[in-house]
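Count along the sequence shown starting at 1, add 1, and that's the number in the working numbering.
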Amino acid sequence: MSIRFKITNDVFPSADELRPIPAFRGENPRNGDCVEVNASHIMRNGRPCLPVMGEFHYSRYPREEWELEILKIKAGGIRILATYIFWNHHEEKRGVFNWSGQRDLRAFIGLCKKHGLEVALRIGPFAHGEARNGGLPDWLYAQPFEARSNDPRYLALVERLFGEIGRQTSGFMFGDGGPVVAIQLENEFMDSAAPWGNHACRGGGVHASWERRRRAFAQVARVSASGGIGCADPHGHWLGLVAGVGGGIYSGVRRLRVSSVD
């Protein structure tokens, strides 16, 4: 099947005028597969591509049913599977991490790899996802500092969480020949649509927190996402992250119209 489309109501330069801005380029050392992400699109082995992604939250599903669900997802045409890593599912008690049972992230990624699905990890620390506290642990709110802030005490906990995730995913990054092709940092930043706060813009911006988060995973594309409505983005705060934004909000700016399906 082939789908033809054209852009309408376009206020941006034409495709011929776009100059890609390299944001990420990774190569799988095992098979030479190459993925590039720039300011306008994703490329696979030198050709623009539109990957079909789906969502499955491993820690919300019985482990014994993961494989069947992965097979159904693949049969439905999904090629990249995105999943949240909910902080409060893995560190219910401060300092005690649980990566067993249906929380076994490493086993889940291994199953995706077994069945040829690539993975996009949504690592937070804030996820939303209609989870309790947006995925932040309850004990975090008993601390003498604000969550989702640039307070060094909060950032130290985030850095520890990311270190744990890094150990669980070791060897699974795309640059290692693994299936993890993207990492999403935070979610709905400055527009959480929830009462869990984001005070990171107090006192001069969010540079410190984003710098730490960017350094945590260096072998895959790093992205973030926002609902868009009321989401302020002071210049420079995203530090070069590739952005994903709810398309409906900007439907009057650029639209794709399907002209034919063969």
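Even glycine gets a Cβ: it sits at the ideal position worked out from N, Cα and C.
Check, Outcome
"Rounded straight-line distance, which links the Cα of residue 84 to that of residue 54", "11 Å"
"At least three beta-carbon pairs within less than 8 Å, the region 77–91 to the region 134–150", "yes"
"Residue 128 (DSSP reduced to helix, strand or coil)", "coil"
"CB of residue 100 within 8 Å of CB of residue 144, strictly", "no"
"Buried or exposed (CB count within 10 angstroms, at least 16 for buried), residue 113", "buried"
"Cβ-based neighbour list, residue 68, same chain, cut-off 7 Å, excluding 5 preceding and 5 following", "112"
"Classification of residue 127 by the beta-carbon crowding that lies within 10 angstroms, buried from 16 upward", "buried"
"For residue 45: DSSP bridge partner residues", "36 and 48"
"Beta-bridge partners of residue 104, as assigned by DSSP", "Answer is none; residue 104 lacks a bridge partner."
"Cβ shell of residue 125 (< 6 Å), same chain only, five flanking positions each side left out", "88 and 136"
"Between the CA atoms of residue 47 and residue 153 - distance to the nearest angstrom", "42 Å"
"Residue 115 to residue 179 span [Cα, whole Å]", "10 Å"
"Burial state of residue 181 (16 or more Cβ within 10 Å)", "buried"
"Proximity of residue 75 and residue 106 at Cβ, strictly below 8 Å", "no"
"When 183, 188, 121 and 82 are compared against residue 149, the one with the closest alpha-carbon", "188"
"Paired residues, beta bridge with residue 81 - DSSP", "54 and 119"
"Helix, strand or coil at residue 175 [DSSP, three-state]", "helix"
"Segments of 4+ residues assigned as alpha helix (DSSP H) that fall wholly inside the region 130–174", "153–169"
"Neighbour-count burial assignment, residue 121, 16 or more Cβ in a 10 Å radius", "buried"
"Environment of residue 186 [buried if 16+ CB atoms lie within 10 Å]", "buried"
"Outcome for residue 171 when other beta-carbon atoms lying within 10 angstroms are tallied against a minimum of 16", "exposed"
"Exposure of residue 66, with buried meaning 16 or more beta-carbon neighbours within 10 Å", "exposed"
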